[in-house]
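Structure first, commentary second.
Protein chains: 2
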Amino acid sequence: MNTKAALNKRWQSGDNGLAIERLPAKESFKSRAYAALKEAITHMNIYGSEEPLLLDERDISERLGASRTPIREAVAMLEQEGLLKAVPRRGILVVRRTKAEIIEMIEAWAALESMAARLAASRASDEAIAELRAFFKEFDLNRIERERCDEYSTANIAFHQALIRLSGSSLLAAMTDNLFFHVRAIRHRTIFEMDRAQRSASDHLEIIQAIEARDADRAERLVRDHTLRLARHVESHVNLD
Amino acid sequence: MNTKAALNKRWQSGDNGLAIERLPAKESFKSRAYAALKEAITHMNIYGSEEPLLLDERDISERLGASRTPIREAVAMLEQEGLLKAVPRRGILVVRRTKAEIIEMIEAWAALESMAARLAASRASDEAIAELRAFFKEFDLNRIERERCDEYSTANIAFHQALIRLSGSSLLAAMTDNLFFHVRAIRHRTIFEMDRAQRSASDHLEIIQAIEARDADRAERLVRDHTLRLARHVESHVNLD
DNA sequence: CTTCGAAATTTGGCATACCAAATACCAGCA
DNA sequence: TGCTGGTATTTGGTATGCCAAATTTCGAAG
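Going down the list, the protein sequences come from chains X and H.
Residue -6 is where the first sequence starts when you use the numbering used here, and the numbers rise one by one after that.
Residue -6 is where the second sequence starts when you use the numbering used here, and the numbers rise one by one after that.
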């Protein structure tokens, strides 16, 4: 039966018999503009100068080969995300976070990641946890090599993201990713300090052990303290404003 | 000195000597459309039917007396926020969350609010904490009266929001507000059950006492368990899909 | 040389028009 | 009656143009 009603119903209800998704035949300009802008902002040294970083709709639309409309929609999305701020008759400026805001972000991150650790300790499969340990080993081996990286330690973040994935909550993953994005943007000499304070391998090992032991309370506490320590470090040693 | 350069610099740097914000002389159509749509979605019984809830750009633009452009920008923002999903040649549909997603939201909420409790216990002024107790008293008195409310207990949410404000972190407040929005949308008979499970006054009192005693660990644990209990309740007693 | 202000320019907000894709409709055929 | 195929319509995506507000420019007055 391929009646129109049935087809319609199938679409409406999702008919999850088949696990395929309607693939976006052609990525819209809006999406592409969004991705391009976010990418550009990612690789921008936001805190490198004091001048306001502002973008120009028309310039962007020309460079991307699209009209202003989809760019404006992409900007609206990034504005909602807190990365941009469109000021009438001024321009679209890249938002700089204050030190206080960054600290709030790290604290929220501590909350989310410690919850992830708790959930991971109580739910994750032994296999998944084992993968985390394998990842940690790799992380430890490449420590010195990656130490040169002038961004906020990629490996370090990757470890934390792996931990969060263990919780099985894609929401926690999405929320922390968003927070990471902002914290990561602080390129600064003191980032090395932060990194050092943050990446103590022993902390990571303890966390893994707690999760392996299915000790949710301990895992949560270790992660929370670990990340809050970073917040306190930023509070006392980083100067942004 | 009111030279142009000085004026310009003042604008550029923000000159935070004065804590006033450039007030948007006339709220843009985009903002108004955003607010109107969000308001509409708020008062929509999203889970009341199985049919896909879809909106029409042109219809909305007519009703709001604006063109499609600002409406599309507002839709893009709400899409970013996860409330809407624009499907090409289909329409703009209001996103329904699965039960699993709702549970993830409550767990994230537990993470954020328990962190807020921790911060409140260690930072909030005695006066602010006292206000929380006063608020609790009022909340308790009006319990029976408000019990009729067929939405997710307003008073209950208000208590939690007051607690979160105590942390002093506007980020935690913003993030939990967003989560509340989605959880609130589940209008369902079982919401009463959730409410009952959630609003035990004794829990609230214990939380206040822990904060007053500056016992951060205890305050955090009480709030976390309190909210995770709701998650477990939803998991076993609410049926959405 | 500085100050002031009016005109030109810039820039985001908004409206409108067009397009392509996907659906809905309907006539015609088996 | 029921299916099929083609056409009309709907609908979101995009381009374009105009507008008002704010800035910048620049020349005239002091």
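Virtual Cβ for every residue (Gly too), placed ideally from N, Cα, C.
With a Cβ-Cβ cutoff of 8 Å, do residue i and residue j count as a contact?
| i | j | result |
| --- | --- | --- |
| tyrosine 27 of chain X | leucine 233 of chain X | no |
| arginine 126 of chain X | alanine 209 of chain X | no |
| threonine 169 of chain H | leucine 105 of chain H | yes |
| glutamate 66 of chain X | lysine 23 of chain X | yes |
| leucine 215 of chain X | glutamate 100 of chain X | no |
| methionine 108 of chain X | leucine 172 of chain X | no |
| valine 68 of chain H | leucine 57 of chain H | no |
| isoleucine 96 of chain X | alanine 224 of chain X | yes |
| isoleucine 157 of chain H | alanine 166 of chain H | yes |
| alanine 212 of chain H | alanine 203 of chain H | yes |
| phenylalanine 174 of chain X | alanine 155 of chain X | no |
| histidine 219 of chain X | aspartate 196 of chain X | yes |
| isoleucine 85 of chain X | alanine 79 of chain X | yes |
| glutamine 73 of chain H | glutamate 74 of chain X | yes |
Label residue i either buried or exposed according to how many other C-beta atoms from any shown protein chain fall within 10 Å of its C-beta, with 16 as the threshold for buried.
| i | result |
| --- | --- |
| histidine 230 of chain H | exposed |
| asparagine 149 of chain X | buried |
| proline 63 of chain H | buried |
| alanine 217 of chain H | First, the residue type needs correcting, since residue 217 of chain H is arginine and not alanine in the sequence shown. Under this definition arginine 217 of chain H is a buried residue. |
| leucine 30 of chain X | buried |
| histidine 36 of chain X | exposed |
| glutamate 228 of chain H | exposed |
| glutamate 32 of chain X | exposed |
| alanine 206 of chain X | exposed |
| glutamate 20 of chain H | exposed |
| alanine 123 of chain X | exposed |
| glutamate 55 of chain H | exposed |
| arginine 3 of chain H | Note that arginine 3 of chain H scores a pLDDT of 33, beneath 50, so its modelled location is shaky and nothing firm can be said. |
Which class does residue i belong to by DSSP, given the choice of helix, strand or coil?
| i | result |
| --- | --- |
| valine 80 of chain H | strand |
| leucine 105 of chain H | helix |
| valine 68 of chain H | helix |
| asparagine 149 of chain H | helix |
| valine 176 of chain X | helix |
| isoleucine 85 of chain X | strand |
| leucine 46 of chain X | coil |
| isoleucine 39 of chain X | coil |
| glutamate 74 of chain H | coil |
| aspartate 208 of chain X | coil |
| threonine 91 of chain H | coil |
| alanine 155 of chain H | helix |
| alanine 117 of chain H | coil |
| aspartate 196 of chain X | helix |
| alanine 33 of chain X | helix |
| asparagine 232 of chain X | coil |
| alanine 59 of chain H | coil |
| serine 162 of chain H | coil |
| glutamate 20 of chain H | coil |
| aspartate 143 of chain H | Note that aspartate 143 of chain H scores a pLDDT of 47, beneath 50, so its modelled location is shaky and nothing firm can be said. |
| arginine 15 of chain X | Below a pLDDT of 50, predicted positions are generally treated as unreliable, and arginine 15 of chain X, at 45, falls in that range; no measurement from the model is reported. |
| query | According to a CB-to-CB cut-off of less than 9 Å, which residues of the region 40 to 53 of chain H neighbour chain X? | reply | Glu43, Glu44 and Pro45
| request: Taking 8 Å as the threshold, find out whether the region 35 to 50 of chain H comes into contact with the region 86 to 102 of chain H through three or more Cβ pairs. | output: yes
| Residues of the region 103 to 114 of chain H with Cβ closer than 9 Å to any Cβ of chain X, in chain order | Ala103, Ala104, Leu105, Glu106, Ser107, Met108, Ala109, Arg111 and Leu112
| query | Between the region 116 to 124 of chain X and the region 153 to 167 of chain X, are three or more C-beta pairs nearer than 8 Å? | reply | yes
| field | Residues in the region 63 to 74 of chain H having any Cβ partner in chain X nearer than 9 Å | value | Arg65, Glu66, Ala67, Val68, Ala69, Met70, Leu71, Glu72, Gln73 and Glu74
| field | chain H contacts made by the region 22 to 42 of chain X, where a contact means CB separation under 8 Å | value | Lys23
| request: Could you list the residues in the region 161 to 180 of chain H with a C-beta less than 8 Å from some C-beta on chain X, going in chain order? | output: Ser162, Ser163, Leu164, Leu165 and Met168
| said: What are the residues in the region 89 to 102 of chain X lying within 8 Å of chain H by C-beta distance? | reply: Glu94, Glu97, Met98, Glu100 and Ala101
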